[in-house]
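Residues 1 to 616 in full-length UniProt numbering are what the sequence shown spells out, letter by letter.
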Amino acid sequence: SRQGYEDPHWQYPAAGYGDNYAYQSHQWQPVAWQDDRDLRPGEPYGKSTNYRDQHYYRGYHPNLAATPLGQDRMQSYDSYEDIHVSAAQPLGSVSGEASGQPQKPNLLLQYRESGLSSSSYELSQYIRDGADHYDPTLSGSWSPAQAGEPLVSTPASVVPHKFPLPHVVVCFGAGGQLVLVCPHYPAEGQLALVELHSLEVILHDTKELEELQAFPGPLAREDLHKVDVMTFCQQKIATSCDLSTERGRDSALLWKLLVLLCRQNGSMVGSDTAELLMQDRRHREKYKRQNPGGNLIGLTDDEWMSRQPGTLDLITGEVPPVVETQAQIAEKFTKLLYYGRKKDALVWAMRNQLWGHALFLSSKMDPRTYSWVLTGFTSTLATNDPLQTLFQLMSGRIPQAAMCCGDATWGDWRPHLAVMLSNKVGDMELNHRAIVTMGDTLAGMGAVEAAHFCYLVADIPFSYFGAKADRMALLGSSHRALLLLAEPTPWVTAQAFAQFARTEAIQRMEIFEYCQQLRQPESFLLPFQVYKLLYASRLADYGLPAQALQYCEQIGTALLGQDPASHPVLAQQVVKLAERLKLSDPLLLETLEQDQTLEPDWLVQLRACCREWEVR
Numbered sequence: 001s002r003q004g005y006e007d008p009h010w011q012y013p014a015a016g017y018g019d020n021y022a023y024q025s026h027q028w029q030p031v032a033w034q035d036d037r038d039l040r041p042g043e044p045y046g047k048s049t050n051y052r053d054q055h056y057y058r059g060y061h062p063n064l065a066a067t068p069l070g071q072d073r074m075q076s077y078d079s080y081e082d083i084h085v086s087a088a089q090p091l092g093s094v095s096g097e098a099s100g101q102p103q104k105p106n107l108l109l110q111y112r113e114s115g116l117s118s119s120s121y122e123l124s125q126y127i128r129d130g131a132d133h134y135d136p137t138l139s140g141s142w143s144p145a146q147a148g149e150p151l152v153s154t155p156a157s158v159v160p161h162k163f164p165l166p167h168v169v170v171c172f173g174a175g176g177q178l179v180l181v182c183p184h185y186p187a188e189g190q191l192a193l194v195e196l197h198s199l200e201v202i203l204h205d206t207k208e209l210e211e212l213q214a215f216p217g218p219l220a221r222e223d224l225h226k227v228d229v230m231t232f233c234q235q236k237i238a239t240s241c242d243l244s245t246e247r248g249r250d251s252a253l254l255w256k257l258l259v260l261l262c263r264q265n266g267s268m269v270g271s272d273t274a275e276l277l278m279q280d281r282r283h284r285e286k287y288k289r290q291n292p293g294g295n296l297i298g299l300t301d302d303e304w305m306s307r308q309p310g311t312l313d314l315i316t317g318e319v320p321p322v323v324e325t326q327a328q329i330a331e332k333f334t335k336l337l338y339y340g341r342k343k344d345a346l347v348w349a350m351r352n353q354l355w356g357h358a359l360f361l362s363s364k365m366d367p368r369t370y371s372w373v374l375t376g377f378t379s380t381l382a383t384n385d386p387l388q389t390l391f392q393l394m395s396g397r398i399p400q401a402a403m404c405c406g407d408a409t410w411g412d413w414r415p416h417l418a419v420m421l422s423n424k425v426g427d428m429e430l431n432h433r434a435i436v437t438m439g440d441t442l443a444g445m446g447a448v449e450a451a452h453f454c455y456l457v458a459d460i461p462f463s464y465f466g467a468k469a470d471r472m473a474l475l476g477s478s479h480r481a482l483l484l485l486a487e488p489t490p491w492v493t494a495q496a497f498a499q500f501a502r503t504e505a506i507q508r509m510e511i512f513e514y515c516q517q518l519r520q521p522e523s524f525l526l527p528f529q530v531y532k533l534l535y536a537s538r539l540a541d542y543g544l545p546a547q548a549l550q551y552c553e554q555i556g557t558a559l560l561g562q563d564p565a566s567h568p569v570l571a572q573q574v575v576k577l578a579e580r581l582k583l584s585d586p587l588l589l590e591t592l593e594q595d596q597t598l599e600p601d602w603l604v605q606l607r608a609c610c611r612e613w614e615v616r
């Protein structure tokens with residue numbers, strides 16, 4: 001017998017070694033203890049809870065399945081002894097005299113004929129729960145009906161409760177409420193208690209709710225003044241931008257540009273933007289000048305040394321002083337021209353930084369000489385000097401600063417952009433390409449806010465999140481971050497999108513759209529409407545359903561001005577959210593008593609457009 005189930009009254013003799021019994025020493029084992037649900041009123045525990053008598057064998061033998069519950073131990077014992085004797089018969093014997101009746105097929109034989117081994121049978125005893133879960137179909141081709149046994153209906157299984165005790169039930173309502181059902185017993189006379197809690201009150205101290213409440217949106221409402229928007233931008237600069245870091249200064253610069261756009265009703269000129277760029281600089285860099293090399297002015301080393309101060313001048317026959325004043329330098333330039341030595345005069349002017357004299361004189365000579373003097377002049381400027389950027393732009397080239405800015409060796413990028421915005425050359429396409437190139441360079445260095453500043457002044461349009469080739473989707477947030485992921489998993493993709501569609505980025509984008517509407521009242525950014533819907537969902541999640549419904553109305557109005565069929569998914573999602581939030585409209589609540597089916601006009605029209613699109 002197995003450990004844990006030994007009982008001296010239940011030890012049956014095993015089959016003999018030479019009895020031709022293929023399943024030697026097979027023992028019957030009970031499955032599990034049953035609970036006290038089998039107790040009958042008025043009976044002691046020892047009599048009515050014989051788990052061996054009532055449950056274990058009833059599920060595995062037809063004779064025992066028909067045995068009524070509560071039968072005494074001796075009667076059950078006789079039945080079990082009959083089963084054991086029949087199990088000791090050789091397999092295949094179908095008749096015998098165990099108790100005066102014809103022998104029935106034993107259970108092991110039935111399992112063998114059905115294709116199950118004895119180990120499968122033992123396993124079935126441990127995974128079955130007695131007669132309560134007996135399924136005759138598991139025996140393959142054998143069934144009690146085929147053996148001539150009467151079919152016995154088994155009692156229905158009792159499904160336990162999922163929760164043994166009453167518990168609190170919680171759900172979220174569309175109106176920004178938390179619905180809580182208390183664990184009371186209405187059947188026992190207790191009153192059912194349902195509590196409604198405002199999510200705005202529960203989440204009042206969270207950073208996310210404070211960020212949503214501080215924004216004066218939606219910005220398209222009539223009672224909004226642009227001063228409120230400008231004040232919000234200035235507060236973001238003071239609280240959210242760390243001016244000690246480069247990225248913090250770039251973010252502050254983007255907020256200042258929005259203030260400028262709002263102040264000037266959505267319009268800006270290059271000089272105003274250049275002034276803003278120079279105001280943001282904390283310190284002005286010193287760009288060192290350097291002397292032109294002798295090879296740039298066509299002199300060998302010996303000739304260059306022979307013309308240093310303190311040596312005899314072969315032309316004038318004088319020894320120049322070691323330290324010459326500006327007047328003496330100009331006088332010598334004039335004397336050289338007295339003798340017709342134009343090239344020597346140019347060399348002298350270039351060596352003594354008289355670039356005005358040299359450039360004017362060379363401009364009246366041949367173009368090659370003028371280019372030679374101009375190259376000598378630019379070689380004296382530092383590589384990162386904004387004058388280099390201006391001269392290269394005027395020469396019809398993309399400035400080197402546009403392709404190298406963002407590097408620590410180049411310093412600040414703002415003066416270079418300022419000089420390009422304030423001094424536009426005749427070729428406007430070249431100016432545009434230079435500014436866009438600078439934005440691409442900054443974006444490649446990870447300076448997203450700085451890059452988007454360049455894109456805004458270059459009038460780069462906004463696009464959708466899925467258009468990775470486009471430069472902007474949300475102002476101040478890069479949608480190209482997912483391109484860096486080799487094999488993005490759904491979780492990583494969701495995290496990257498959550499980082500992209502930050503609340504601050506959506507608010508900043510809405511301010512830019514508002515500035516455009518100050519110049520053109522009917523204009524809106526169609527790619528931005530999906531982020532408005534996302535923002536409305538966040539408002540509803542944090543207990544601000546009235547504001548969320550206003551955003552839905554703005555999105556619906558914008559879609560109705562276009563063709564809603566061009567954005568069917570967006571239109572359907574707006575309708576779904578608005579249907580849940582429509583009772584948050586105070587005007588609708590006032591007239592709800594007269595008409596229960598009353599809805600806003602824009603919602604009715606948008607739903608009709610969605611249905612028309614579905615039919616089409």
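All C-beta atoms, glycine included, are put in the ideal place defined by N, C-alpha and C.
Assuming residue i and residue j make a contact with CB atoms under 8 Å, what is their CB distance in whole Å?
i	j	result
histidine 452	leucine 277	Going by Cβ atoms, the distance from histidine 452 to leucine 277 rounds to 14 Å, so no, they are not a contact pair.
residue 630	proline 545	What is shown of the chain runs 1 to 616, which leaves residue 630 out entirely.
alanine 450	tryptophan 413	6 Å
leucine 598	leucine 588	6 Å
histidine 432	proline 386	So it is not a contact: roughly 19 Å between Cβ atoms.
tyrosine 542	glutamate 195	Incorrect: roughly 19 Å between the Cβ atoms, too far for contact.
alanine 498	leucine 474	The pair is not a contact, with the Cβ atoms about 13 Å apart (cut-off 8 Å).
tyrosine 185	proline 166	7 Å
valine 158	valine 169	Contact doesn't hold; Cβ gap of about 24 Å is too wide.
methionine 268	leucine 260	6 Å
Which residues in the same chain as residue i place their Cβ atom closer than 7 Å to its Cβ, once the five residues preceding and following it in sequence are excluded?
i	result
leucine 606	Gly556, Leu559, Leu560, Pro564, Ala571, Val574 and Val575
arginine 611	none
glutamine 378	The question names glutamine, but residue 378 is threonine in the sequence shown. The answer, listed in chain order, is Gln388 and Phe391.
tryptophan 602	Glu553, Gly556, Thr557 and Leu560
glutamine 177	Leu196, His197, Ser198 and Leu199
phenylalanine 215	Phe232 and Gln507
alanine 434	Leu393, Ile398, Pro399, Ala402 and Met420
Suppose the cutoff is 6 Å on Cβ atoms and the five residues either side in sequence are ignored; what does the same chain contact list for residue i look like?
i	result
serine 478	Val448
proline 568	Trp613
alanine 345	Phe333, Leu336 and Leu337
threonine 503	Glu211
Any idea which residues DSSP pairs residue i with across the strands?
i	result
glutamate 579	According to DSSP, which records beta bridges pairwise, glutamate 579 is partnered with nothing at all.
histidine 197	Leu178
leucine 212	Per DSSP, none; premise fails for leucine 212.
residue 618	Since the first residue of the chain shown is 1 and the last is 616, residue 618 is not available in this structure.
serine 379	The partner list for serine 379 (beta bridge, DSSP) is empty, contrary to what the question assumes.
serine 584	In DSSP, serine 584 forms no bridge with anything.
Does the beta-carbon of residue i have 16 or more other beta-carbons within 10 angstroms, so that it is buried, or is it exposed?
i	result
histidine 204	exposed
serine 271	exposed
alanine 131	In this prediction, alanine 131 scores a pLDDT of 41, lower than 50, which makes its location untrustworthy; no coordinate-derived value is stated.
serine 584	buried
threonine 441	buried
tyrosine 464	exposed
valine 615	exposed
proline 218	buried
phenylalanine 232	buried
glycine 189	exposed
phenylalanine 360	exposed
glutamine 279	exposed
leucine 456	buried
methionine 472	buried
methionine 428	exposed
phenylalanine 524	buried
leucine 549	buried
asparagine 265	exposed
Among residues of its own chain, excluding the 5 on either side of residue i, which ones have a beta-carbon nearer than 8 Å to its beta-carbon?
i	result
leucine 430	Leu393, Gly396 and Ile398
glutamine 562	Leu526
residue 617	With the chain covering 1 to 616 only, the question about residue 617 has no answer from this structure.
valine 220	Contrary to the premise, residue 220 reads as alanine rather than valine in this sequence. The residues are Tyr514, Gln517 and Gln554.
cysteine 262	Lys226, Val229, Met230, Cys233, Ile511, Tyr514, Cys515 and Leu518
cysteine 241	Gly248, Arg249, Ser251, Ala252 and Trp255
Say the cut is 6 Å; is the CB of residue i nearer than that to a heavy atom of the ligand SAM?
i	result
tryptophan 355	In the structure on display, the ligand SAM does not appear, and there are no ligands present to speak of.
Open item on the list: Would you call the region 403-423 in contact with the region 458-469, where contact means no fewer than 3 C-beta pairs closer than 8 Å?
Closed with: For the pair of segments examined, the region 403-423 was found not to touch the region 458-469: the number of CB pairs separated by less than 8 Å stays below three.
Task: Given 8 Å, three or more beta-carbon pairs between the region 401-410 and the region 426-446 - done: Under the 8 Å Cβ criterion, the region 401-410 counts as touching the region 426-446, having at least three qualifying pairs.
Open item on the list: Can you confirm whether the region 210-229 touches the region 513-524 when touching is taken to mean that 3 or more C-beta pairs between the two stretches lie within less than 8 Å?
Closed with: The region 513-524 makes contact with the region 210-229: 3 or more CB pairs, one atom from each, lie closer than 8 Å.
Open item on the list: Would the region 533-542 count as touching the region 237-249 if we require 3 or more Cβ pairs under 8 Å?
Closed with: Counting C-beta pairs closer than 8 Å gives fewer than three between the region 533-542 and the region 237-249, which falls short of the contact rule.
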